[in-house]
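These notes are about the structure you will find just below.
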Amino acid sequence: MTVLLDVKHLQTRFKSRKRYIHAVNDVSFQVHEGEALGVVGESGCGKSVTMLSLLKLLPPAARIEQGEAIFNGDDLLQMNSEQIRKVRGAQIGMIFQDPMSSLNPVINIGTQLSEPLRAHLKMSKADAWERSVQLLDMVGIPEPRARLSDYPHQLSGGMRQRVMIAMGLACKPKILIADEPTTALDVTIQAQIVDLVKDLREELHTTIIWITHDLSLIAGLVDRIMVMYAGYIVEEALVDDLYTDPRHPYTIGLFGSLPDLGGQQRRLTTIGGAPPNLEAIPTCCPFVPRCKYAIDKCKIENPPIKPISGSGESLHSIACWVDIRDRREA
Amino acid sequence: MTEKDIPQITTSGLLNAEGLSQDRKYSLWRDAVARLMANKLAVISLALVILLIIISLIGPYFTPYDFLSQDLSARSQPPSWAHWMGSDYLGRDVLSRVIYGARTATVTSFAVVAVSGFIGIILGSLSGFAGGRVDTFIMWITDMVMAVPPMLLAMVASVALRPMVAAWMERMYASTGDTFYRQTFWADIFLLVTVLTLVLWPTYARLIRGQIITNKTKNYVLAARALGITNSSILVRYIIPNSLGPVVVQLSAGLGSAMLWESAFSFLGIGVHPPIPSWGNMISEGMDYWRNSPHLLAAPAIVLGVMTVAFSFLGDGLNDALNPKQWSD
C-alpha cells in the first residue's frame with residue numbers, strides 16, 4: 001500500500017497568557033491510500049488539533065512548533081495560505097462535529113454546496129447547481145433538487161450532516177477527515193451516517209480519517225485505529241488486533257467503559273481521574289496517575305511508541321513500559 | 331407571535347408541495363421580503379414610512395397654503411374644513427407646516443443615518459477584521475465619544491460650529507451672489523447632520539464590530555475554510571450577510587431616533603430655526619398656547635410620535651424577517 005500522508009514529529013501548542021498548552025506532542029503516523037483510519041481518545045486528547053494542524057485551520061492562539069506532513073510530495077505544514085487553500089476541500093476534505101452550526105444559516109443549501117465546486121473546479125453557477133443535485137442524491141437525500149433551495153434550518157441534524165458530507169466530498173478529495181461527525185446526532189442517525197460513509201468510501205475510493213471517542217461506533221468502518229492520550233499516540237493497531245488484544249492500559253480502560261450486547265450484565269468500569277493538564281511536556285508517562293499497572297520506571301521516563309514484539313507485519317505499536325499480559329495473569 | 335408560522339409554510343412547504351418552487355431560486359432577500367409582508371405591523375409601518383417619504387418629496391408643492399403665509403384675521407383657529415389641523419398664532423396653516431416639517435425631519439434623519447451608518451460600518455468592519463492595535467484605537471475613540479452625554483456633546487459641537495458655517499455662507503454669498511447662501515434651512519440641516527453623525531456613528535461601529543467578531547469564529551466559517559473557499563468569498567457570503575441583519579434593523583430604528591433628535595434640537599432652538607417649520611420647533615411654539623389651542627401642540631407631536639413608532643416597528647419586522655434562524659421557532 002502506498003503512503004498517502006506521512007506525518008512526522010508533529011508538535012502543536014496553544015499559548016494562553018504566559019503558559020503553553022501542549023496539545024499535540026511528537027505525533028507521527030502514516031495514512032495509506034484507500035484505508036480508513038480511526039483516531040480514538042477522550043475529549044482534549046489532541047485528536048482534532050492534530051487534524052486541524054494538518055490543514056492549518058488552527059485558531060490564532062495555536063502554533064505548529066515542529067514536524068512535517070508530506071502529502072503528494074509536498075509538506076502541508078510549509079505551504080502558504082493560498083497553497084493550503086487549494087488542498088483544503090479539493091485534496092483533503094474535512095467535516096465537523098456539529099452539523100447544526102456548520103452550515104451558513106443565511107444562504108441556501110444549493111449555493112453552499114456550489115461554493116467548493118466553483119472555488120476548486122471553476123464550475124459555472126448552473127453546472128455547480130446540477131452537480132449539487134447529484135451530490136445530494138449520492139448522500140441519500142430524497143428530492144435533492146427541491147432541497148437545494150432550502151435553508152439549513154429547514155433540515156434535520158442528520159440531513160445537515162449528509163449535506164456536510166456531500167460538501168466534503170464534492171471535489172472528490174483523496175482524504176476525508178471526519179471530526180466526530182456523529183457526536184451531535186442520535187443513535188439511529190449515527191448508524192445511518194456511518195453506513196453512508198462506508199458506502200461512499202467503497203464507491204469513491206476515498207481515504208477516511210474518522211475521529212471519535214466511541215470505539216464501538218467505528219469497529220465496522222475502519223481498518224486501523226490510533227489511540228491518543230494527552231497529545232500522544234499511545235497505541236496503534238489494525239482494528240481486529242486492537243479489539244481482540246488491546247495492550248495499552250488506556251485502551252483497555254476505554255474498552256472497559258463500553259457495554260457488551262449479549263454478554264452478562266456488569267457494572268461499566270470507568271478510568272479514574274482526569275487527563276493531565278498539558279501545561280508542561282511530561283517527564284513521566286502521562287497516564288501514570290490513572291494507571292493501575294504502573295511501575296517505577298513509568299514515573300521517571302515517558303515511553304516512546306514502539307511495535308510490540310511478535311506483531312510482525314501488522315505493526316501493532318504501544319507507548320508503554322509494561323507488558324500488561326504478565327501483570328494480568330499475576 | 332403566531333403569524334411567524336404562516337410564512338414558514340408559504341415560502342417553502344406549500345410551494346414545494348405544489349411543485350411551484352422547482353426552478354425558483356431562493357435568495358435571502360427575497361424570502362426576507364416575503365416574511366416582512368406577512369407581518370401586519372411591519373407592513374403598516376412600512377406604508378407610513380413610504381407615505382412620509384412621498385410627502386416630504388412632493389408634499390410641499392401640494393400644500394393647501396404656503397407654510398409661511400400669515401393670516402392675522404384667522405389666528406389660532408381650531409381644526410376646520412379650511413384648516414384641517416387648524417392655524418397657529420400667526421394664522422399659518424398647521425397642516426402645511428406639518429407637511430413641510432416632514433421634509434425637514436426626513437432629510438435630516440436619512441442624511442444622519444446614511445453618513446453615520448457609512449462611517450460606523452467602515453470603521454467597525456475595519457476594527458472587527460483587523461483586530462489588534464487598529465481595533466484598540468478605533469474602540470478607544472468610540473469609548474471617548476460615548477462617554478460624553480450625547481445631547482451635551484451635540485450641543486457643544488453645534489454651538490462651536492454654527493459661527494463657522496455662518497461665516498462660510500456669508501463668504502460664499504459675497505463671492506457668488508447666489509441667494510442660496512442667504513437662507514438658513516440647508517445650513518441648519520448641514521449643522522444638524524454633522525453633529526448628530528458625530529454622536530451616532532459609534533453605535534453602528536460597535537454593533538458591526540461585535541457582529542463580525544462573533545461571526546468570524548462561527549463553525550460554518552471554519553467549515554467553509556476547511557472546504558478551501560477563498561477568504562474574499564467567506565467575507566462576502568458568510569461573514570457580512572450574517573452580520574448585516576442587526577445592522578439593517580439598527581439603521582431602520584436609527585431613522586426614527588434621528589428624527590427624534592432633530593425635533594429635540596429644534597425644540598431647544600439649536601436645530602432648524604423658525605420660520606422654517608420642523609416638528610420640534612412647532613412643538614416648542616405650541617407649548618406657549620396649549621391651554622387655548624391644544625391642536626398646535628398635538629398635531630406635530632402626534633405625527634412625530636407615530637413616525638418614531640413606525641420606524642421602530644419596521645426595524646422589529648426587519649429583524650424577524652432577516653433572521654432565518656428565528657423563522658422556525
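Heads up: the sequence lines are chains A and B, in that order.
Under the working numbering, the first residue of the first sequence is numbered 1, with each subsequent residue one higher.
Under the working numbering, the first residue of the second sequence is numbered 331, with each subsequent residue one higher.
Ideal placement from N, C-alpha and C gives every residue a C-beta, glycine not left out.
Fair warning: this is a prediction, and the values are worked out from it, not measured in the lab.
Environment of residue i [buried if 16+ CB atoms lie within 10 Å]
i: residue 300/A; result: exposed
i: residue 247/A; result: buried
i: residue 352/B; result: A caution first: residue 352/B carries a pLDDT of 37, below 50, which makes its placement in the model too unreliable to give a value.
i: residue 205/A; result: exposed
i: residue 169/A; result: buried
i: residue 226/A; result: buried
i: residue 343/A; result: Residue coverage of chain A in this structure runs from 1 to 330, which leaves residue 343/A outside it and unanswerable.
i: residue 498/B; result: exposed
i: residue 279/A; result: exposed
i: residue 175/A; result: buried
i: residue 134/A; result: exposed
i: residue 332/B; result: In this predicted model, residue 332/B has a pLDDT of only 45, less than 50, meaning its place in the structure is not dependable; the value taken from the coordinates is given anyway. Exposed, by the Cβ-count rule.
i: residue 474/B; result: exposed
i: residue 162/A; result: buried
i: residue 258/A; result: exposed
i: residue 479/B; result: exposed
i: residue 3/A; result: exposed
i: residue 147/A; result: buried
i: residue 592/B; result: buried
i: residue 507/B; result: exposed
Residues bridged to residue i [DSSP beta-bridge criterion]
i: residue 208/A; result: 36/A and 176/A
i: residue 317/A; result: 236/A and 307/A
i: residue 74/A; result: 71/A
i: residue 22/A; result: 13/A
i: residue 510/B; result: Residue 510/B pairs with nothing; no bridge assigned.
i: residue 93/A; result: 176/A
i: residue 88/A; result: 92/A
i: residue 27/A; result: 10/A
Run of the alpha helix (DSSP H) containing residue i, from where it starts to where it stops
i: residue 615/B; result: 609–616
i: residue 9/A; result: No alpha helix (DSSP H) holds residue 9/A; the beta strand (DSSP E) holding it covers 3–16.
i: residue 543/B; result: 515–546
i: residue 120/A; result: 109–120
i: residue 79/A; result: Note, residue 79/A: premise wrong, no alpha helix (DSSP H); not H, not E.
i: residue 571/B; result: 570–598
i: residue 125/A; result: 125–138
i: residue 217/A; result: 215–218
i: residue 100/A; result: Per DSSP, residue 100/A belongs to no alpha helix (DSSP H) and is neither H nor E.
i: residue 48/A; result: 47–54
i: residue 58/A; result: Note, residue 58/A: premise wrong, no alpha helix (DSSP H); not H, not E.
i: residue 467/B; result: 462–477
i: residue 169/A; result: 157–169
i: residue 646/B; result: 624–652
i: residue 290/A; result: Careful: residue 290/A lies outside any alpha helix (DSSP H) and carries neither H nor E.
i: residue 550/B; result: 549–556
i: residue 274/A; result: First-last for residue 274/A: undefined, no H or E at that position.
i: residue 621/B; result: No alpha helix (DSSP H) contains residue 621/B, which DSSP labels as neither H nor E.
i: residue 567/B; result: It is not in any alpha helix (DSSP H) - residue 567/B carries neither H nor E in the DSSP assignment.
Bounding residues of the beta strand (DSSP E) (the contiguous stretch that carries residue i)
i: residue 71/A; result: 62–71
i: residue 335/A; result: Within the shown structure, residues of chain A are numbered from 1 to 330, placing residue 335/A beyond reach of any answer.
Residue i: CB within 7 Å of a non-hydrogen atom of the ligand MG
i: residue 650/B; result: As for the ligand MG, it is missing from this structure, which has no ligand bound.
For the stretch 364–435 of chain B, list the alpha helix (DSSP H) runs that are entirely contained and at least 4 residues long, ordered along the chain. The qualifying runs are 370–388.
Are there three or more Cβ pairs, one per stretch, closer than 8 Å when the stretch 233–240 of chain A is compared with the stretch 305–319 of chain A? yes
Is the stretch 602–618 of chain B touching the stretch 626–646 of chain B, taking contact as three or more C-beta pairs under 8 Å? yes
Between the stretch 484–492 of chain B and the stretch 460–469 of chain B, can you find at least three pairs of beta-carbon atoms closer than 8 Å? no
Tell me whether the stretch 368–388 of chain B and the stretch 638–650 of chain B touch, counting them as touching only if at least three CB pairs, one residue from each stretch, are closer than 8 Å. yes
Assess contact between the stretch 402–411 of chain B and the stretch 568–586 of chain B, defined as three or more Cβ pairs (one per stretch) separated by less than 8 Å. Is contact present? no
How do the stretch 422–436 of chain B and the stretch 379–393 of chain B stand: do at least 3 beta-carbon pairs fall below 8 Å, yes or no? Yes, since at least three Cβ pairs between the stretch 422–436 of chain B and the stretch 379–393 of chain B fall closer than 8 Å, the two stretches touch.
Assess contact between the stretch 21–34 of chain A and the stretch 92–105 of chain A, defined as three or more Cβ pairs (one per stretch) separated by less than 8 Å. Is contact present? no
Which runs of the alpha helix (DSSP H) fall wholly inside the stretch 240–269 of chain A and span at least 4 residues, in chain order? Counting whole runs of 4 or more residues, the stretch 240–269 of chain A contains the alpha helix (DSSP H) stretches 249–256.
Are there three or more Cβ pairs, one per stretch, closer than 8 Å when the stretch 15–23 of chain A is compared with the stretch 185–203 of chain A? no
On the three-pair Cβ rule with 8 Å, is the stretch 438–447 of chain B touching the stretch 582–600 of chain B? The stretch 438–447 of chain B, when compared against the stretch 582–600 of chain B, does touch it at the 8 Å Cβ threshold.
Three or more C-beta pairs under 8 Å: does that hold for the stretch 527–546 of chain B against the stretch 571–581 of chain B? yes
Flag this pair as touching only if the stretch 121–135 of chain A and the stretch 79–87 of chain A have three or more C-beta atom pairs under 8 Å; answer yes or no. no
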